[in-house]
Amino acid sequence: YASRGLGDVYKRQLKDFRTKSQMIFQDPASCLNPRRRILDILMEPYAIHRLYTKEERRKKAMELCDRVGLSRAYLTRYPHEMSGGQKQRVAIAGVLAMQPRCVVLDEPTAMLDPVGRREVVSTVTRLCREKGMTVMLITHHMNECIGADRLIVMSEGRIVADGTPREVFSQVELLRSEGLAVPATTQLIYELR
Numbered sequence: 002y003a004s005r006g007l008g009d010v011y012k013r014q015l016k017d018f019r020t021k022s023q024m025i026f027q028d029p030a031s032c033l034n035p036r037r038r039i040l041d042i043l044m045e046p047y048a049i050h051r052l053y054t055k056e057e058r059r060k061k062a063m064e065l066c067d068r069v070g071l072s073r074a075y076l077t078r079y080p081h082e083m084s085g086g087q088k089q090r091v092a093i094a095g096v097l098a099m100q101p102r103c104v105v106l107d108e109p110t111a112m113l114d115p116v117g118r119r120e121v122v123s124t125v126t127r128l129c130r131e132k133g134m135t136v137m138l139i140t141h142h143m144n145e146c147i148g149a150d151r152l153i154v155m156s157e158g159r160i161v162a163d164g165t166p167r168e169v170f171s172q173v174e175l176l177r178s179e180g181l182a183v184p185a186t187t188q189l190i191y192e193l194r
């Protein structure tokens, strides 16, 4: 593309896409520098894009902590001093710095205990509702999908169910055949019938 003069156009489009869409993976430690304090990690996106003064970046980092429900006391800590759920919220805060329209979370709770799972799902749900951003949550834990607007079940690259959680969870046998468990309340109602 560079020979046709399109290289700069694609670079701008890619940069624009990266700021509008962000991704968070299941292991938050992979995106957190273990030798940097949380404050420095949260200020980094602003520094990379040359936004704000150092003091303004510090203030923005504090605001990000507030948005994800993380105490500002954690700003002086290092990633290894935090729980998995806390690290995942730092990762979420880091991507929110660029104010994306869409956040893709690839099994963000896979390595967390039940408390950490609830913290992360609650944080993501709240941000989705408050900020109006699109959140795509990739998960095998169906309880995490109860509050979703839309639920898509995929198997081997194809869609096998699509609809509201109520519509999809009513297909208990289909979900079981795909190796997924329905939420406990749905399972109880299914068994009672």
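Residue numbers (the numbering used here): 2 to 194.
Every residue, glycine too, gets a C-beta built ideally from N, C-alpha and C.
Worksheet item: If you check the beta carbons only, do Glu-120 and Arg-78 fall under 9 angstroms apart?
Response: Here residue 120 refers to the residue found at position 119 of the sequence shown. Here residue 78 refers to the residue found at position 77 of the sequence shown. No, the Cβ-Cβ distance between Glu-120 and Arg-78 is not below 9 angstroms.
Fill in: Close-in-space but distant-in-sequence residues of the same chain around Ala-149 (CB under 6 angstroms, 5 per side omitted)
For the purposes of this step, residue 149 is identified with residue 148 of the sequence shown, where counting begins at 1. Closer than 6 angstroms at Cβ, skipping near neighbours: Pro-166.
Worksheet item: Going straight from the alpha carbon of Glu-82 to that of Ala-74, what length do you get?
Response: One-based indexing of the sequence shown puts residue 82 at position 81. One-based indexing of the sequence shown puts residue 74 at position 73. Computed Cα separation, rounded: 12 angstroms.
Worksheet item: Touch check for the region 95-110 and the region 11-30: three-plus C-beta pairs under 8 angstroms?
Response: yes
Practice prompt. Scan the region 76-141 and note each continuous beta strand (DSSP E) run of 3 residues or more that stays entirely inside, going in chain order.
Written response: 103-107 and 135-139
Worksheet item: With 16 as the cutoff for other CB atoms within 10 Å, does Ala-86 come out buried or exposed?
Response: Within the sequence shown, residue 86 is the residue found at index 85, counting from 1. The question names Ala, yet the displayed sequence has Gly at residue 86. Gly-86 should be labelled buried.
Practice prompt. Determine the DSSP secondary structure at Tyr-2, reduced to helix, strand or coil.
Written response: By one-based count along the sequence shown, residue 2 stands at place 1. Residue placement at Tyr-2 is flagged as unreliable, the pLDDT there being 44, under the threshold of 50; the coordinate-derived value follows with that caveat. Here Tyr-2 sits in coil by DSSP.
Worksheet item: Where does Ala-185 sit, in a helix, a strand or coil, going by DSSP?
Response: The residue you call residue 185 lines up with position 184 of the sequence shown. If DSSP states are grouped into helix, strand and coil, Ala-185 belongs with the helices.
Practice prompt. Keeping to the same chain, check which residues put their C-beta closer than 8 angstroms to that of Ile-160; ignore five residues upstream and five downstream.
Written response: Locating residue 160 in the sequence shown gives position 159, counting from the first residue. Ile-153 and Val-154, listed in sequence order.
Practice prompt. Using only alpha-carbon positions, find the residue among Arg-177, Glu-145, Arg-130 and Glu-56 that is nearest to Val-116.
Written response: For the purposes of this step, residue 116 is identified with residue 115 of the sequence shown, where counting begins at 1. Nearest of Arg-177, Glu-145, Arg-130 and Glu-56 to Val-116, Cα basis: Glu-145.
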